[in-house]
Structure formats: structure tokens, C-alpha cells
Amino acid sequence: MPSTEIILTENVPGLGAEADVVKVRRGYARNYLLPRGKAYEVTPASLRELDNLKKKRAERETRELNEAEELSHRIGKLRVTFTLETGETGKAFGSITAQDIVNRLKNEIGSEIDRHKIVLERPIKDTGEHEVQIKLHHNVTAQFSFQVKSAEKPKSQEAAAEPTERKHRSFFRRKKETK
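Per my numbering: the sequence shown = residues 6 to 184.
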């Protein structure tokens with residue numbers, strides 16, 4: 006298969022980062038990368054432009070690293086309490102998932118975090134103190150600690166929730182005979 010060398014202008018997952026010179030198949034470059042502006046062909050003039058792209062890439066990477074470290078500190082200081090509905094035996098109805106954590110962090114901090122960056126082996130179904138790792142950058146990992154408590158009903162709702170005793174009314178009624 007014929008291949009060609011191109012210079013990437015932005016991150017392409019599975020291929021490379023900005024300012025990388027990579028070899029790809031001609032069809033992939035011609036039909037996908039070049040028309041979308043994700044890359045351009047290697048020429049003597051483009052090789053001279055490569056230094057500018059490398060500077061932009063270094064600036065972007067340092068900015069992303071600083072943002073990730075700052076977000077990590079904010080997440081580390083945050084204390085959040087989740088509530089779960091539990092039965093009489095203490096078993097939880099439902100669980101806390103990575104999406105629940107993402108929604109809560111968005112409300113508390115205001116930053117959008119991808120739910121795939123949260124390392125959660127299984128959904129959390131028990132009460133107590135929990136700690137979850139969040140991979141914000143390939144060099145930065147934040148520790149998010151939170152408390153899970155059982156949601157208790159107020160006494161007024163418990164009294165209202167207990168059924169009052171009523172007379173049992175038969176579903177089938179006898180028809181009165183009329184003559």
C-alpha cells in the first residue's frame with residue numbers, strides 16, 4: 006500500500022499530536038486528514054513552518070498541564086456528601102456512578118470533566134467515606150474524597166407513609182335480586 010508523510014496540525018487520536026511528522030496511507034491523508042485541516046503535506050516550505058507548530062504545541066501542553074494541576078487542587082479541597090436511599094436493612098436502592106460524580110463536580114466547581122477520566126471499578130452502593138481517582142492529564146491525577154450517607158425520611162413522612170387500617174371491600178359484589 007502506498008503511504009505518504011504528513012505534518013499534523015492538531016491532535017489526532019491514535020496517530021499523533023500537533024507538529025508530528027507521521028506516515029499514513031495516501032487515501033487516509035487525501036480523504037480525511039487534508040480536507041478537514043488536521044494535517045498538510047510535507048514540503049520544504051512546510052518543514053520550515055514546523056518550528057512554529059512545535060512552539061504552539063509546547064505552549065498548549067504547558068497551559069493544559071497548569072490547568073490540570075489547578076483543577077486537581079480545587080478537587081482535592083472539595084468535600085461533598087452524596088445521599089442514597091436505603092432500606093431498613095441498610096441496602097442501597099441505586100448507586101453512585103461516574104456520571105453522578107461528574108454532574109456533582111460540574112455543579113460544585115463549574116468545570117466539565119469527561120466521565121471516562123474517573124477511575125471507578127464499580128458503582129458505589131455502600132455508605133461511608135470513599136475516594137476516587139480522576140485522571141485529568143497524563144501527568145496529573147486528582148484524589149476526590151466524598152461521603153455517602155443514607156437518606157432518612159423525616160418523622161412526619163414516616164407517619165404518613167404507614168397505611169391506615171381500612172375495611173376490606175370485596176371486589177365482587179352480590180347482585181340483589183329484584184322481582
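Cβ coordinates follow ideal geometry from the N, Cα and C atoms, glycine included.
Just so you know, these numbers come straight off a predicted model, no measurement behind them.
Residues near residue i by beta carbon distance below 6 Å, same chain, minus five either side
i      : result
Lys122 : Ile139, Lys140
Ser250 : What is shown of the chain runs 6 to 184, which leaves residue 250 out entirely.
Thr91  : Ala97, Ser155
Val107 : Ile118, Arg120
CB of residue i within 8 Å of CB of residue j, strictly
i      : j     : result
Asp25  : Leu13 : yes
Arg31  : Pro49 : no
Arg109 : Val85 : yes
Gly19  : Val27 : no
Ala34  : Thr9  : yes
Own chain, CB closer than 7 Å to residue i, minus 5 neighbours either side, in chain order
i     : result
Glu69 : His142
Val47 : Glu10, Ile11, Ile12, Val26
Arg62 : Ala22, Glu23, Ala24
Sheet register partners of residue i (DSSP bridge)
i      : result
Val17  : Gly21
Ser68  : Correcting the residue type first, residue 68 is Arg in the shown sequence and not Ser. DSSP lists no partner for Arg68.
Lys28  : Glu10
Lys96  : Beta-bridge pairing links Lys96 to no other residue.
Val153 : Phe87, Gly133
Lys140 : Thr146
Val124 : Gln138
Tyr37  : DSSP output for Tyr37 lists no bridge partner at all.
Ile101 : Ile129
Ala44  : Leu13
Of the listed residues the options, nearest to residue i (C-alpha basis)
i      : options                     : result
Glu117 : Leu58, Glu126, Asp105       : Asp105
Ile80  : Asn112, Gly19, Met6, Lys28  : Asn112
Val4   : Glu157, Ser150, Tyr37, Pro7 : As shown, the chain starts at 6 and ends at 184. That puts residue 4 outside it, with no answer to give.
Glu23  : Arg35, Val145, Lys60        : Lys60
His78  : Ile114, Glu93, Leu20        : Ile114
Glu134 : Leu76, Phe87, Lys82         : Phe87
Ala147 : Thr94, Lys82, Asp56         : Lys82
Close beta carbons around residue i, own chain, < 8 Å, minus the five adjacent residues each side
i     : result
Leu89 : Ala97, Phe98, Gly99, Ser100, Ile101, Lys130, Thr132, Val153, Lys154, Ser155, Ala156
Tyr45 : Ile11, Ile12, Thr14, Leu39, Ser51
Leu58 : Ile12, Thr14, Glu23, Ala24
For residue j and residue i, believed in contact at Cβ under 8 Å, the rounded distance
i      : j      : result
Val145 : Ala73  : 4 Å
Ala103 : Arg120 : 5 Å
Distance cut-off 7 Å: residue i Cβ against heavy atoms of the ligand MG
i     : result
Arg65 : By its list of ligands, the structure shown contains no ligand whatsoever, and the ligand MG lies outside what it can speak to.
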